[in-house]
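Each remark here refers to the structure printed beneath this line.
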Amino acid sequence: MTDVPGVQGPVHVEAEVVATRRIGGYRHLTLTAPGVPERFRAGNFVAVTVAGHVARRALWVHRVRASSSFGPTLDVVVEARGSGTEWIAAQPVGARVALTGPLGRPFALPKDAVSCLLVGEGYAAAPLFPLAERLRERGCAVSLLVSAPDEARLLAALEARRSARSVTVLTADGSVGVRGTVAEHVDDLLARSEADVVYAAGPTPVLRAAAGAAERAGAWSQVAVEVPAPCGTGLCHGCPLPVVGEDGVERVVRACADGPVVRGDRVRWDSL
Amino acid sequence: MTALDHGLGLGPVMVAAGCGGTGRELASYCGPGGLDGLDFVTRSITLDPRAGGPGPRIEEVPGGLVNAVGLPNPGLEHFLATELPWLVRAGVRVIVSIAGATMGEYADLARRLSRAPGVAGLEVNVGAPDDAGAGLFEVREPYHSASVISAVRREFPVDRPVLAKLRPDVSRIVEGARSCHEAGASAVVVGNAVPAAFRDGRSGGLSGPAVAPVALRCVAEVARVLPELPVIGCGGVHDLRSANAYLDAGATGVQVGTALLHDPTTVARLRVALAPHTSPNEETR
Numbered sequence: 024m025t026d027v028p029g030v031q032g033p034v035h036v037e038a039e040v041v042a043t044r045r046i047g048g049y050r051h052l053t054l055t056a057p058g059v060p061e062r063f064r065a066g067n068f069v070a071v072t073v074a075g076h077v078a079r080r081a082l083w084v085h086r087v088r089a090s091s092s093f094g095p096t097l098d099v100v101v102e103a104r105g106s107g108t109e110w111i112a113a114q115p116v117g118a119r120v121a122l123t124g125p126l127g128r129p130f131a132l133p134k135d136a137v138s139c140l141l142v143g144e145g146y147a148a149a150p151l152f153p154l155a156e157r158l159r160e161r162g163c164a165v166s167l168l169v170s171a172p173d174e175a176r177l178l179a180a181l182e183a184r185r186s187a188r189s190v191t192v193l194t195a196d197g198s199v200g201v202r203g204t205v206a207e208h209v210d211d212l213l214a215r216s217e218a219d220v221v222y223a224a225g226p227t228p229v230l231r232a233a234a235g236a237a238e239r240a241g242a243w244s245q246v247a248v249e250v251p252a253p254c255g256t257g258l259c260h261g262c263p264l265p266v267v268g269e270d271g272v273e274r275v276v277r278a279c280a281d282g283p284v285v286r287g288d289r290v291r292w293d294s295l
Numbered sequence: 234m235t236a237l238d239h240g241l242g243l244g245p246v247m248v249a250a251g252c253g254g255t256g257r258e259l260a261s262y263c264g265p266g267g268l269d270g271l272d273f274v275t276r277s278i279t280l281d282p283r284a285g286g287p288g289p290r291i292e293e294v295p296g297g298l299v300n301a302v303g304l305p306n307p308g309l310e311h312f313l314a315t316e317l318p319w320l321v322r323a324g325v326r327v328i329v330s331i332a333g334a335t336m337g338e339y340a341d342l343a344r345r346l347s348r349a350p351g352v353a354g355l356e357v358n359v360g361a362p363d364d365a366g367a368g369l370f371e372v373r374e375p376y377h378s379a380s381v382i383s384a385v386r387r388e389f390p391v392d393r394p395v396l397a398k399l400r401p402d403v404s405r406i407v408e409g410a411r412s413c414h415e416a417g418a419s420a421v422v423v424g425n426a427v428p429a430a431f432r433d434g435r436s437g438g439l440s441g442p443a444v445a446p447v448a449l450r451c452v453a454e455v456a457r458v459l460p461e462l463p464v465i466g467c468g469g470v471h472d473l474r475s476a477n478a479y480l481d482a483g484a485t486g487v488q489v490g491t492a493l494l495h496d497p498t499t500v501a502r503l504r505v506a507l508a509p510h511t512s513p514n515e516e517t518r
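Protein chains in written order, with the working numbering: chain W, 24 to 295; chain S, 234 to 518.
Structure follows, in structure tokens:
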């Protein structure tokens, strides 16, 4: 991370909703946010101000377009789970929201064209899709495992076929793809894909399963943790993430500013 | 409007303790000038590192946040070795918030910080919403805070300010402010988060716009009874109007806290709006 604000750092801008679509159980918003798409790297997130709320809502970025008829845009995925996310999901085309981003540490990309397994669940799998594109550009063989409780909450697996060599779909209720959970299938898939790196994004049990499988197989893992972030900018220390540092010392870092992407073997899962 | 000079060598707008991260995170939101000249109160620094409390540390309520963050900080050694030099190099005017379990710890912190280059002043955290629960020196009576302030004042050079950050308790605030003033505090910061509880019953502190009327009443009382003591208003400041309410009530400056979590550019905008060369009356009314 650089100390110098500029093209590297996040910006706080007025974003405009230019498209809104309901896809299954989620709302996808396309936003213009001057300076944000240009700075975005896969794994970054954005924080949005909600009218009448003090805390902000952190949203994963699902897709970034360098150019469109609206200029550079970014897509966020919203699951309406409370009054704040309901408000965001209800914003119509033309609505303006205060947005800060891109925030957090992104996924680190391998220097060589290695084989990668990407594991995600629910809306939180969103950052894996721009990651898959970057990996493919680098010549990496990408295998994707997307999971969801049911079909409505399965994120855009079809689109991913463009950048992934193989796509495996899991649903807990078996409504589409294979019935089961990430924890049940990830070891097997990791062995088949012969991946050197595992990237994971989703709820804690999914991240833990992916990180554990990577460790057993001798692969590296990077996980994008989702801890509710009241500010998203590292200011409030309200999103504790227990980790073990490189020096073996246990610490609690900020999920938003020191994460959201961290090495899977560094997370103290039992304390999370 | 009174002249915005509290005679402390500090500007009228400061970042409140615990709401500016390590300071670095604000750099992206302070405009082309960056952090240069920013009056920044650090999160409370303790002698030993503190991991902070478990999650959830912050809960949203109408008009504010309930928090029990637990004063996470890397401890004095690490702060002096890494964070402080970085902030000083960036041109930040660093006011170090200190917290301790005993008067001895406060005195140690003050002595070590008095020798560190670039410390513009100290803010003594004597009004945490749940001090006993957080393992801090418990302040129940005005003489408790006064004894901490005198312990700090003895160890810290008189030409640099020592601010006492007090709990906004209307029934005790004047007494508390007077005791701190007599013990050597250069100014009082009124106030801290208001003692509150999470929905699950855990102790915490309420901050944000919801507490502004409470802190405003406290500031007005202190300014009326102790006109010679500079008072810095803190609680729900998020725009010029809310800042001016404190200044009109007799505060000599304001601190911006929770608003930064909502909009990280708040402090930069307020610094411009309240800069000495502009007339707040003309700009804002």
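In this text, a Cβ means the ideal position worked out from N, Cα and C, and glycines have one as well.
Predicted model, so just to flag it, every value in this text is computed and none were measured.
ask   = Among S:ALA484, S:LEU396, S:ASP496, which residue has its Cα nearest to the Cα of VAL71 (chain W)?
value = Comparing Cα-Cα distances from VAL71 (chain W) to each of S:ALA484, S:LEU396, S:ASP496, the minimum goes to S:ASP496.
inquiry  = Does chain W have any CB closer than 8 Å to the CB of ALA284 (chain S)?
reply    = Yes, ALA284 (chain S) lies at the interface with chain W (some Cβ there is under 8 Å from its Cβ).
request  = Give the C-beta separation of VAL290 (chain W) and ALA234 (chain W) to the nearest angstrom, bearing in mind that I take them to be a contact with Cβ-Cβ under 8 Å.
outcome  = Going by Cβ atoms, the distance from VAL290 (chain W) to ALA234 (chain W) rounds to 7 Å, so yes, they are a contact pair.
query = At a Cβ cut of 7 Å, what residues of the stretch 96-111 of chain W count as close to chain S, listed as they run along the chain?
reply = Within the stretch 96-111 of chain W, no residue has its Cβ closer than 7 Å to any Cβ of chain S.
key: Host beta strand (DSSP E) of ASN477 (chain S) (start-end)   = Per DSSP, ASN477 (chain S) belongs to no beta strand (DSSP E); it is in the alpha helix (DSSP H), 473-481.
Proximal chain S residues relative to HIS76 (chain W), where beta-carbon distance stays under 7 Å = For HIS76 (chain W), the chain S residues whose C-beta falls within less than 7 Å of its own C-beta are GLU293, listed in chain order.
task = Please name the residue or residues paired with ALA224 (chain W) in a DSSP beta bridge.
result = DSSP lists W:GLY143, W:ALA247 as the beta-bridge partner residues of ALA224 (chain W).
query = Using DSSP with H/G/I as helix, E/B as strand and the rest coil, what is PHE431 (chain S)?
reply = Note: PHE431 (chain S) maps to coil in three-state DSSP.
key: HIS85 (chain W) at chain S interface by Cβ criterion, 8 Å   = So no, HIS85 (chain W) is outside the interface.
ask   = For SER138 (chain W), which of helix, strand or coil comes out of DSSP?
value = Strand, per DSSP.
key: Environment of PRO350 (chain S) [buried if 16+ CB atoms lie within 10 Å]   = An exposed status is given to PRO350 (chain S), since fewer than 16 other beta-carbon atoms sit within 10 Å of its beta-carbon.
ask   = Going by the CB atoms, is the gap between VAL327 (chain S) and LEU317 (chain S) shorter than 8 Å?
value = Judged by beta-carbon spacing, VAL327 (chain S) lies within the 8 Å limit of LEU317 (chain S), meaning their Cβ atoms are closer than that value.
inquiry  = Quick check: is the beta carbon of TYR552 (chain S) nearer than 8 Å to any beta carbon in chain W?
reply    = As displayed, chain S neither begins before 234 nor continues past 518, which places residue 552 (chain S) out of reach and without an answer.
key: Length-filtered (3 minimum) beta strand (DSSP E) runs lying within the stretch 163-241 of chain W   = Complete beta strand (DSSP E) runs here, min 3: 164-171, 189-194, 220-224.
task = Excluding the 5 residues preceding and the 5 following PRO282 (chain S) in the sequence, name in chain order all residues of the same chain whose CB lies nearer than 6 Å to its CB.
result = Apart from sequence neighbours up to five positions away, the residues of its chain that approach PRO282 (chain S) with a beta-carbon distance below 6 Å are PRO307, GLY308, ordered along the chain.
message = Check for me: the alpha helix (DSSP H) holding ILE278 (chain S) runs from which residue to which?
response = Under the DSSP assignment, ILE278 (chain S) falls outside any alpha helix (DSSP H); it carries neither an H nor an E label.
C-beta contact flag for ASP363 (chain S) and LEU280 (chain S) at 8 Å = Not a contact, by the Cβ cut-off of 8 Å.
ask   = Can you find a CB in chain S that lies within less than 8 Å of the CB of ARG79 (chain W)?
value = For ARG79 (chain W), the nearest CB of chain S lies under 8 Å from its own CB, placing it at the interface with that chain.
Neighbour list for THR72 (chain W) in chain S, Cβ cutoff strictly below 9 Å = Ordered by position in chain S, the residues that pass the 9 Å Cβ test against THR72 (chain W) are HIS495, ASP496.
request  = On a CA-only basis, which of W:GLY257, W:VAL84, W:LEU126 is nearest VAL101 (chain W)? Give me that one, please.
outcome  = The shortest Cα separation from VAL101 (chain W) among W:GLY257, W:VAL84, W:LEU126 belongs to W:VAL84.
message = For a cutoff of 8 Å on Cβ pairs, would you count ALA280 (chain W) as touching chain S?
response = Taking Cβ atoms only, chain S reaches closer than 8 Å to ALA280 (chain W), which makes this a yes.
query = With burial defined as no fewer than 16 other Cβ atoms inside 10 Å of the residue's Cβ, what is the status of ALA260 (chain S): buried or exposed?
reply = A buried status is given to ALA260 (chain S), since no fewer than 16 other beta-carbon atoms sit within 10 Å of its beta-carbon.
key: C-beta atoms of LEU167 (chain W) and LEU151 (chain W) nearer than 8 Å   = Contact: yes.
query = Which two residues bound the contiguous alpha helix (DSSP H) that contains PHE152 (chain W)?
reply = Start and end: 151-160.
request  = Report all residues from its chain with a CB closer than 7 Å to the CB of PRO428 (chain S); omit the five preceding and five following residues, and keep chain order.
outcome  = PRO362, ASP363, GLY438, listed in sequence order.
ask   = Hey, THR191 (chain W) and LEU212 (chain W) are a contact pair by Cβ (cut 8 Å); roughly how many whole angstroms apart?
value = Contact between THR191 (chain W) and LEU212 (chain W) holds, since their C-beta atoms are separated by about 6 Å, short of 8 Å.
message = Which same chain residues end up closer than 6 Å to ALA353 (chain S) when comparing Cβ atoms and leaving out the 5 residues on each side of it in sequence?
response = The residues are ARG326, VAL327, ILE328.
request  = Output, in chain order, the set of chain B residues within a Cβ distance shorter than 8 Å of VAL302 (chain S).
outcome  = Given the protein chain composition of this structure (W and S), no chain B is represented.
ask   = Can you find at least 3 beta carbon pairs, one from the stretch 108-120 of chain W and one from the stretch 262-273 of chain W, that sit closer than 8 Å?
value = Touching, no.
task = Return helix, strand or coil for SER383 (chain S), following the three-state DSSP convention.
result = In this structure, SER383 (chain S) counts as helix in the three-state DSSP scheme.
query = Are the stretch 242-251 of chain S and the stretch 451-461 of chain S touching, with three or more C-beta to C-beta distances below 8 Å?
reply = By the criterion of at least three beta-carbon pairs nearer than 8 Å, the stretch 242-251 of chain S is not in contact with the stretch 451-461 of chain S.
request  = Could you name the residues that DSSP lists as bridge partners for ILE291 (chain S)?
outcome  = ILE291 (chain S) is bridged to S:ASN300.
ask   = In chain W, which residues lie with their C-beta within 7 Å of the C-beta of CYS252 (chain S)?
value = At a beta-carbon threshold of 7 Å, the residues of chain W lying near CYS252 (chain S) are LEU258, CYS259, ordered along the chain.
Contact set for ALA103 (chain W): own chain, Cβ-Cβ below 6 Å, skip 5 residues either direction = Cβ within range, chain order: GLU109, ALA112.
query = Which two residues bound the contiguous beta strand (DSSP E) that contains GLU356 (chain S)?
reply = Start and end: 352-358.
query = How many Å lie between SER440 (chain S) and ILE382 (chain S) at the Cα?
reply = Using only the alpha carbons, I get a separation of about 24 Å.
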